[in-house]
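Accompanying notes for the structure given below.
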Amino acid sequence: MNQERWNRVQQLFEAALEKNESERDTFLEEVCKDDESLIAEVRSLLQADAESHSLLQGHALDVVDLPIEENFIGKKVGHYEITKQIAVGGMGAVYLAERADGQFTQTVALKLIKRGMDSNAILKRFHYERQILARLQHANIARLLDGGLTDDGTPYFTMEYVDGLPIDRYCRENALSIVERLRLFQTVCDAVEYAHRNLIVHRDIKPGNIFVTKTGDVKLLDFGIAKLLDEHDSAEPLPLTVAGNRVMTPEYASPEQVRGDAVTTLSDVYSLGVVLFELLTGARPYEIDDLSPAAVEKIVCETDPPKPSTKITQGKDIPAGHARQNKRLLRGDLDNICLLAMRNEPQRRYGSVQEFNEDISRYLTGLPVQALPATLAYRSGKFISRHKLGVITATGIFVVLVGLITFYTVRLADERDKAQLEAEKAAQISQFVTSLFEISNPDEAKGRTITARELLDQGAAKIEKELAAQPEVQARMMEVIGGVYQNLAQLSKADSLLRKSLQVQEKVHEKPTAEYGRTLWILGKVRAQQGDYTAADSLQRLSLHIREQVLGSENDAVAQSLSSLSKIQYQKGDYAAAESLATKALNIRTSLFGDINAGVALNLDDLGWLAHEQSHFDVAEQLHRRALAIRRQVFGEENLEVAESLNNLGSALYGKGDLAGAEPYIREALAIRTKLLGPDHPQTTYNRTNLAVMLEGQGKLDEAESMFREIYRTHAAKLGADHPVIADDLTDIGRVLAAQGHFEEAEPLFQEAAQLHAKNRGPEHWLVAYTLNSLANLQHEKNDLSAAATTYQEALTIYGKAFPEANQYVAVTMIGYGSVLLDQENGEKAFPYLSDGLTIFENSLPATHWRVAAAQVELGRCYLLLKKYSAADSLLQTGYQSLVKTRGDADKFTKKAQKFLTSVQQKMNKDRH
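Heads up: the sequence shown begins at -17 in our numbering, then just goes up one per residue.
Below, the structure written as structure tokens:
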């Protein structure tokens, strides 16, 4: 209803009140002529006035503006002088006033009861508002400053004056983006949630009561119809929302307010949902401006609100050209967030403003949101699966978990006739316990690790035994705890619980749901951690298919599955497929969230690592730097996601041969992971492996060996002797031992590692070839040239099948095999391997990289053997000088280069004479 229409209704209502009841119908028919809706609106107010006996002997009068006292301007009230009128409400007026007692300068908003409205009920309501404001001390709520009585005994109070714009106008006039509007709205949520913590429900949340100053500060205003939830502290509770009452703003009022039902904090959740809807779309969910109260009630209470993405249009709130882009941004998670807040049934909305606010934070940081379409039974969020490897940090959380489940099951046993209500309560319990676990994730715990596996096991047992009567809740809790086990690397326990969750879900639902797809996704990650990549691949593909069917292809959950599937293809050595999947995930997330998003950073890092593994180190460095910048912006400095990017960037720099540049990043990542996860966590040991590799490259072999052995012991104890990572550890230890000349100790380690890789990954996996290359290097060092040549050839055959094009790994083996052929005096056969290997290095590595120099030395040797001394001298000179700079005079590669450079120069001198 627009303002002009409402003013007309008020005028007619007041005029009708002056008439006898028997004359009112005739009067309305005469003045309204054929406007039946206008007659109905006035009659509804008259009916409310006749039936109600609260404020002013009738609720209807509470919304009628009585004449305003104009001569307050210039008058002094208490310490203040009124300068102008700001606004007029049902009970009173608000004025701008200046402090006039000379103590200090202050501009305030002064609220007075309007003349004629000073009944006992209104006075109680006025004092009630002042009581509420006195309880609220928050930076984003307009503060109560002072209060008292005028000379004629009328109460007043002063508040902080807010010089700003309503939030919708502020967003429009400053052309704020969707993300900027969301962050501003989160500040509003903070203020409302603070009021709720102080047991106050606002009941009139709308853009006009949310101002934003020129500096971007949010201020929540007008608690005139707010309600104390602990009204037993008051002498008389003040009912305001009953049938027929209009002490609300219908466009933003919850269904329970419109019906006149009891109002709780969930009513404010609804109103906030409407405000967010309007901020995102420039429109309200319902068009009810010119409708009667009865029609408004029917629409608000019986109609589901539309998706925001279907209402957004180019208009006053949406800049030209942005409507289509914003529609794409709203589609999916933001649609679901708004609709969950605005569900007609209070118990189906977010359980609190805090939950609402946290879900927006999830969206902004790329986390899976709690809000899902209503057809998915209003399930809760997906936080645990987002953290690759987590840690439980407070024993009390598990006590709460066990206690909550026990409490729930006792209630269930005592109140079988309330099964549906209890199921909804259990869903809220699931969300609450999930939020407790999220508080305990390593980024929040800051290293305060408390292992509480026994209590976790007890909780899992209780869920399985005592929640059998509520299978949906049981399945969700199994998934939650299964995810925690996965984060703690308790993989067998995670596997068991997650499979049980899937079995329960299959019994409950005829068709796969989004929850089922999510559980498959977590189980797929478990199988990948267990090294069963075939099973992991199948699970992730099924998860992806279900999520696409249920949620649509443009959804973050789909991107999540694509990312996990990409990692599996990388582990299987299919780089092309891995890159394609990671790129699809990146495109989805960029489309949904823009560039600054945690999921976008994750996919950039994945693509960077794929570039690294294919020796495209410059590309890898650029991608990792982009990911690191995004993660620092989203998460801050001390965060596991940041540590991942630091580690990956360090690895890329190491791959380029920039050891000095790599080390600070590797060490910073290790420090973060050690602090947040502890020294033995898988992420930490992975980071320590990279540091050990770097120490190895620096020639610090004793230190590297010690670190590699410690990592091996940790992995063997946690993962078992047959886990795929054990093969990597054996290769690392063997490689350092061989470099130290301990050939007999190193050789069986390489052989065992190759067998373990073949067993876990297949005999043609590239890691089998990588390990065989290390074994061939050892055989070459032992001068077992025949065995070395055979092993190199075997490695090259596997590489040829694993990689569609040659890369750095292939080049290393080519150079190794060519070197053996040179030692066998077969320069002609060696030449193509050495030449091709050098070309690969030159195309993928900086010119100053030591591997380029070492390859130049080997090709120079080949020219020397073929008696092409000039070419040999040039390559050996270049290689030697580069090795002196990068590895020093004492390095074995440098000494080798010097030896053959001396030889070729002697040959050349001899030929001259």
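All C-beta atoms in this analysis are idealised placements derived from N, C-alpha and C, irrespective of residue type, glycine included. From a predicted model like this one, the values you see are computed outputs, not experimental measurements.
(request) Grab me the residues of R523's own chain with a C-beta within less than 8 Å of its C-beta, minus the 5 sequence neighbours each way, in chain order. (result) Answer for R523: L547, listed in chain order.
(request) Report the rounded CA-to-CA distance for N920 versus Q512, giving the unit in angstroms. (result) Nothing about residue 920 can be read from this structure; the chain reaches only from -17 to 895.
(request) Alpha carbon to alpha carbon, how far is D519 from I570? Give it in angstroms, no decimals. (result) If you take the alpha carbons of I570 and D519, they lie about 21 Å apart.
(message) Using a Cβ-Cβ cutoff of less than 8 Å, which residues in the same chain neighbour G679 once the five nearest sequence positions on both sides are dropped?
(response) When the five nearest sequence neighbours on each side are left out, the beta carbons in the same chain lying within less than 8 Å of the beta carbon of G679 are those of Y636, L641, in order along the chain.
(message) Could you give the first and the last residue of the continuous alpha helix (DSSP H) run that contains K700?
(response) Boundaries of the alpha helix (DSSP H) harbouring K700: 683 to 701, taken from the DSSP string.
(request) Give a yes or no on contact between the region 660 to 672 and the region 680 to 699, applying the rule of three or more CB pairs nearer than 8 Å. (result) Yes, they touch.
(request) Specify, as a first and last residue, the run of the beta strand (DSSP E) that P137 falls within. (result) Per DSSP, P137 is one residue of the beta strand (DSSP E) stretching across 137 to 142.
(request) Note down the Cα distance separating L166 from V257, rounded to an integer number of angstroms. (result) Distance between the alpha carbons of L166 and V257: 12 Å.
(request) Go ahead and label P745 buried or exposed: buried means 16 or more other beta carbons lie within 10 angstroms of its beta carbon, across all protein chains shown. (result) Exposed, because fewer than 16 other Cβ atoms sit within 10 Å of the Cβ of P745.
(request) To the nearest angstrom, report how far apart R458 and H663 are at their CA atoms. (result) In this structure, the alpha-carbon of R458 lies about 26 Å from that of H663.
(request) Give the secondary structure of K881 by DSSP, where H, G and I count as helix, E and B as strand, and everything else as coil. (result) In this structure, K881 counts as helix in the three-state DSSP scheme.
(message) Please tell me whether, using a cut-off of 7 Å, the distance from the CB of T197 to the nearest non-hydrogen atom of the ligand GTP is below it.
(response) Within the structure as shown, the ligand GTP is missing, as the structure has no ligands at all.
(message) Quick check on L568: does DSSP put it in helix, strand or coil?
(response) Looking at L568 - three-state DSSP - the assignment turns out to be helix.
(request) Kindly list the residues whose CB is nearer than 6 Å to the CB of L568, restricted to its own chain and excluding five residues on each side of it in sequence; keep chain order. (result) Around L568: N585.
(request) For I55, count neighbouring C-beta atoms within 10 Å of its own C-beta (all shown protein chains included) and say buried if the count is 16 or more, exposed if not. (result) I55 comes out exposed.
(message) What does the alpha-carbon distance come out to for the pair C171 and G581?
(response) Computed Cα separation, rounded: 25 Å.
(message) Below 8 Å on the Cβ atoms is my contact criterion, and I expect T565 with L589 to pass it. Report the Cβ-Cβ distance as a whole number of Å.
(response) Yes, T565 and L589 are in contact; Cβ-Cβ is about 7 Å, under 8 Å.
(message) Within a Cβ cutoff of 8 Å, which residues of the same chain sit near Q859, ignoring the five residues on either side of it in sequence?
(response) For Q859, the CB contacts under 8 Å within the same chain, skipping 5 residues up- and downstream, are L883 in chain order.
(request) Return helix, strand or coil for P287, following the three-state DSSP convention. (result) Coil, per DSSP.
(message) I'd like to confirm the pairing. Which residues does DSSP put opposite Q67 in its beta bridges?
(response) The partner list for Q67 (beta bridge, DSSP) reads Y77.
(message) Applying the 10 Å Cβ sphere with the 16-neighbour rule, what's the burial state of C827?
(response) The identity of residue 827 in the sequence shown is Leu, whereas the question assumes Cys. When all chains shown are included, L827 counts as buried.
(message) Quick check on the DSSP output: the beta strand (DSSP E) that includes P148 runs from which residue to which?
(response) Counting along the chain, the beta strand (DSSP E) containing P148 begins and ends at 146 to 148.
(message) What does the alpha-carbon distance come out to for the pair A644 and K638?
(response) Cα-Cα distance, rounded: 9 Å.
(request) Going by CA-CA distance only, name the one from D16, G255, S334, Y62 that's closest to L131. (result) Ranking the options by Cα distance to L131, first place goes to Y62.
(message) Would H739 pass as an interface residue toward chain B - the criterion being a Cβ-Cβ separation below 8 Å?
(response) Absent from the structure: chain B. Only one protein chain is present.
(message) Closest to D909 by C-alpha separation, out of V(-9), D150, E5, would be which residue?
(response) The requested residue 909 is not part of the displayed model; the chain covers only -17 to 895.
(request) Determine the direct distance from the alpha carbon of P148 to that of V200, and round the result to whole angstroms. (result) Going from the Cα of V200 to the Cα of P148 covers about 9 Å.
(message) What does DSSP give as the partner residue(s) for T195 in the beta ladder?
(response) In DSSP, T195 forms a bridge with G146.
(request) Tell me I708's beta-bridge partners as DSSP assigns them. (result) Paired residues: none, contrary to the question.
(message) Assuming contact is defined by CB atoms lying nearer than 8 Å, are L203 and F193 in contact in what I supplied?
(response) The Cβ-Cβ distance between L203 and F193 falls below 8 Å.
(message) I believe Q665 touches L622 by the beta-carbon criterion, under 8 Å. Please report the beta-carbon distance rounded to the nearest angstrom.
(response) Contact check for Q665 and L622: beta-carbon distance about 7 Å, within the 8 Å limit, so the pair qualifies.
(request) Entirely within the region 476 to 512 and at least 3 residues each: give me those beta strand (DSSP E) ranges in chain order. (result) Listed in chain order, there is nothing to give.
(request) Let me know the secondary structure DSSP gives I50 once reduced to three states. (result) Because the pLDDT at I50 is just 45, under 50, the model does not fix this residue reliably, and the value given afterwards should be weighed accordingly. I50: coil per DSSP, three-state reduction.
(request) Determine the DSSP secondary structure at I822, reduced to helix, strand or coil. (result) If DSSP states are grouped into helix, strand and coil, I822 belongs with the helices.
(message) Please return the same chain residues whose Cβ sits closer than 8 Å to the Cβ of Y647, not counting the five positions on each side in sequence.
(response) Closer than 8 Å at the Cβ level, and outside the excluded window around Y647, lie L628, N629, L631, G632, L635.
(request) Please go through the same chain and pick out, in chain order, the residues whose beta-carbon is closer than 6 Å to the beta-carbon of K889, but skip the five residues on each side of it. (result) Excluding residues within five positions, the ones whose Cβ falls inside 6 Å are Y851.
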